[in-house]
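Encoded as structure tokens, the structure appears first; notes follow it.
Residue numbers (our numbering): 1 to 1066.
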């Protein structure tokens, strides 16, 4: 379980020691251990260093001025724990044959090895959040722990966060995202909840300010104690608490600029005019000299000449350099009764895509109070409010539902011949009046006009138009009653309220009408969505801990109850006549198209759990866990233990660890300072299905104008959670006086009872499938990390490190056999036994036919061909794509498809370096992903050559004449030969290496009693990326679903960002 800590106690703070009842020290036979503690850099002795028996703080000592120490410890003690401020804590094994010659070398606290005694899998990187460009903790997790989990930023939108995958993909239809626990309370990540704006995500982790966080732990094994929610791993987030009686105030201020990201190079006016003219020539019955094709009239005296003879860069009108601001203040302190931590933060982040700005306000208060001698309590309260000016983002998946209104997409495909503002012939120039949707191709028919993206930005921006607001409130109290020295009882109670309000407006100005099938033409649209979520958790737990000489036993058991409710209301109006944009509202007219919907979900979970941790002499560790869960999502006839009138699913875990360096026979003061070997097996689940999947559900609807019930789900009484069986083995080691750290873990995950949709042989009331458990998949892989400290001196300290992760995903069983899914294509995603989940499935190509002779010789005795819906044959000719005829019958159809790509990477991870020179610190972090394929859906649209959308400049090289050798086929209106179909033309290598962060910080020397510290810093983000990918950005994840990975729909890309900041300690 990777861990990174936020802040350590700084300066001359006085930590508050917990009050402990006086107890008699056990009577053990003691041995005397003597040694000396030296500075690793100067080799000089160090005095005042704390030494204690590992795992038993009753036996302590302090080194003298000459570095020597003498400590008496029980005879079964195998290791000492040595620590002091400004130095890295160390574990030191005791040599049974030489207990008076121990030598300990102390490293600067700039390097902090994380010893993971026990059975958990742990790695660490030090981390201090000082604000800056990263507004959410999931982005920092990506930067710090990329080898321990695969974290992918969703897009370049501010605060949108990351999709994260721990040890591969453990599901097909259910979520593969980890469970997130903040201060012991589960955070519902709102995965799959509806958003009114495409490309937008309600990132729940944005409600936690990064500078509030003290520690993040990634649990990859031993997640059985989280039951049906732990199958995808767990991320534990601990926020800051008070650690010092002295009042401490930290303030962070940062201001930055985000540059426009990489954009596609689209045709200029001259290139587009030639392209449009050429594609018009492929339409039967169209006369290019028709007067209504005004853009072809080059007479400068013509009335429409200035309207249609421009060379406008639409992308320049939609993107801009963005300003970001980040402010936070943290106050902590207390007395001998209680400690507290209060923080307030404010973020204002402009987006590089206009109309998508982000704003957040956070307040958090944590306190620990000693109520009585044996009674204390924790109390946490936080509130966060985020607002976003939202616009649609990216390329639509389905163009038949509405006219495109994403400003970023329109800016790419809009003709450069026209401009955002109307030309005034009387003024002899352009006015401030917004242009309506273009009418370049009205002579051909309706449906070819594109909206004015500038009009959308100007007319549809505002709180009552395109706007998202989210308020998150959480309160938790956890009193603990101490019952003697070994026993305690804790009751944790928490309440979470999350309210989300969204508004969407499609204006009338500048937007064309859109023909809805069987409903007529619609113009303006106004939609609202309001949701309210409540979560109540009660967790009662009894703890026991005791040291029996060489044996240490800790155990806890408890009962957890989770109540979750979610309700939402959605309304939308599409107007059948143009309305004024000033006051968007829901229509009351029966002539307009009104829709409404909502949800009212309740989910309950009860868990009984127990855990036992045992270690012998800090050498051998064993952890046993068992959890029983009853869940309202399960069917009444699901598999499990029948008890108390319901079914209980059981989740066991067995984990073992061995610290070899604590063995008597292991050489001390040798090259290996620490070596731990772990192995374990556990079972955890995934219940990410609709709350009513086990039940038959009807919904209200209208039929012939009257209220009616509609069947929307067929219940299954046997439905239950997916089960992931996890086996892992690995080691962690520190070498050469802790200068080298190495870790390696190998794992096998097998998921059974996959949640899938099973088909009926005879569909029922239009529903032909239902939720069931069936199918299996397997993930095997490894994770490795290494860190090296090659330079350790008085003025210079250097640390280098890298991590790598790899997984192989394989479907081993499916209830209905192999199947395809249509995601940004037609049956283009394949799920099949023996292959990874969600493979790209389409046609292979062998270039473009340069001449008719090549086309004529490609088929089975002639041309390759396709058949239309009437059975008529159409031959592939010169200029068409040469598709590989898989079955050799001469016809190109669905039987000729191959697996053409795999979105899963071969390896992923990060590379980091930190250089300290005196008061300067330079740090850099690279992220990489190698071997993953990408479906470039955006390029598929921009290189289609089949419509009047502006195209990439690369399309100027399309086939035009007999004998031309090119990789771009001829242009043909509506693509009758399917040259633009889903094929390996659109599959690219998505590998990349990115300098994610480069930061230079300087600690200013201060000599004021009121100022404890001052640091200034500068940071660059996404400074460069090495990739062959042709899209805007190789790092993206458009959806948390497994099926959507590796598909680039052209959402806002990440660009370079530069930030200056200051941290003040008072």
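Quick reminder that beta carbons are idealized off the backbone N, C-alpha and C, glycines included.
Mind checking whether residue i and residue j have CB atoms under 9 Å apart?
i            : j            : result
residue 488  : residue 497  : no
residue 608  : residue 555  : no
residue 471  : residue 364  : no
residue 200  : residue 157  : yes
residue 920  : residue 1001 : yes
residue 367  : residue 242  : yes
residue 775  : residue 814  : yes
residue 844  : residue 745  : no
residue 406  : residue 928  : no
residue 319  : residue 354  : yes
residue 413  : residue 949  : yes
residue 59   : residue 77   : yes
residue 1014 : residue 249  : no
residue 525  : residue 468  : no
Contact defined as beta carbons within less than 8 Å: I believe residue i pairs with residue j. What is the distance between those atoms, to the nearest angstrom?
i           : j           : result
residue 486 : residue 343 : Going by Cβ atoms, the distance from residue 486 to residue 343 rounds to 35 Å, so no, they are not a contact pair.
residue 286 : residue 444 : 6 Å
residue 161 : residue 138 : 5 Å
residue 756 : residue 173 : 6 Å
residue 275 : residue 971 : 7 Å
residue 779 : residue 169 : 7 Å
residue 615 : residue 79  : The pair is not a contact, with the Cβ atoms about 11 Å apart (cut-off 8 Å).
residue 63  : residue 75  : 22 Å between Cβ atoms; not a contact.
residue 652 : residue 224 : 6 Å
residue 93  : residue 668 : 5 Å
Do you know whose CA, among the options, lies nearest residue i's CA?
i            : options                : result
residue 72   : 1064, 869 and 33       : 33
residue 899  : 1065, 873, 925 and 819 : 819
residue 179  : 172, 191 and 561       : 191
residue 740  : 798, 229, 175 and 400  : 798
residue 68   : 273, 44, 167 and 184   : 44
residue 232  : 238, 240 and 221       : 221
residue 268  : 550, 70, 440 and 416   : 416
residue 390  : 826, 466, 666 and 204  : 466
residue 633  : 685, 613 and 621       : 685
residue 1032 : 1038, 1048 and 1017    : 1048
residue 295  : 186, 307 and 93        : 307
residue 649  : 605, 669 and 621       : 605
residue 1040 : 106, 772, 38 and 163   : 163
Might you give, ordered along the chain, the residues of its own chain that have their beta carbon closer than 6 Å to the beta carbon of residue i, omitting 5 neighbours on each side?
i           : result
residue 459 : 507, 509 and 581
residue 345 : 209, 328 and 362
residue 800 : 788 and 913
residue 133 : 256, 1021, 1057 and 1059
residue 90  : 82
residue 454 : 317 and 420
Which same chain residues, not among the five before or five after residue i, have their C-beta less than 8 Å away from its C-beta?
i            : result
residue 20   : Reliability of the predicted coordinates at residue 20 is poor, the pLDDT of 44 falling under 50, and the value obtained from them is presented with this limitation in mind. Result list for residue 20: empty, nothing under 8 Å.
residue 759  : 768, 769 and 816
residue 1055 : 156, 258, 259, 260, 261, 262, 352 and 1022
residue 483  : 374 and 489
residue 516  : 522, 574 and 593
residue 31   : 72, 73, 74, 75, 77 and 99
Using C-beta distances below 7 Å, list every residue in its chain close to residue i, excluding the 5 sequence neighbours before and after it, in chain order.
i           : result
residue 48  : 62, 63 and 84
residue 957 : 966 and 968
Between residue i and the ligand FAD, is the CB less than 8 Å from at least one heavy atom?
i           : result
residue 603 : The ligand content of the structure shown is nil, which means the ligand FAD is not present either.
At least 3 beta-carbon pairs within less than 8 Å: the region 147-155 vs the region 337-352
The region 147-155 vs the region 337-352: no contact.
Between the region 371-378 and the region 1023-1032, do three or more beta carbon pairs fall short of 8 Å?
No, the region 371-378 does not touch the region 1023-1032.
Are the region 923-941 and the region 988-1004 touching, with three or more C-beta to C-beta distances below 8 Å?
Verdict: yes, contact present.
Contact the region 527-545 vs the region 560-567: 3+ CB pairs below 8 Å:
These segments touch.
Tell me, please, whether the region 731-740 touches the region 788-806 by the rule of three or more beta-carbon pairs shorter than 8 Å.
Yes, the region 731-740 is in contact with the region 788-806.
Does the region 885-892 come into contact with the region 856-867, if we say contact requires no fewer than three beta-carbon pairs (one atom in each stretch) closer than 8 Å?
Taking 8 Å as the limit for Cβ pairs, the verdict is that the region 856-867 does touch the region 885-892.
Please determine if the region 433-443 and the region 393-401 are in contact, where contact requires at least 3 C-beta pairs separated by less than 8 Å.
Verdict: no, contact absent.
Pair every Cβ in the region 647-662 with every Cβ in the region 688-697, then say whether three or more of these pairs are closer than 8 Å.
A contact is defined here as three or more CB-CB pairs under 8 Å, and the region 647-662 fails this definition with respect to the region 688-697.
Cβ contact (3+ pairs, closer than 8 Å) linking the region 666-682 and the region 721-736
Contact between the region 666-682 and the region 721-736 is present: 3 or more CB-CB pairs across the two stretches fall below 8 Å.
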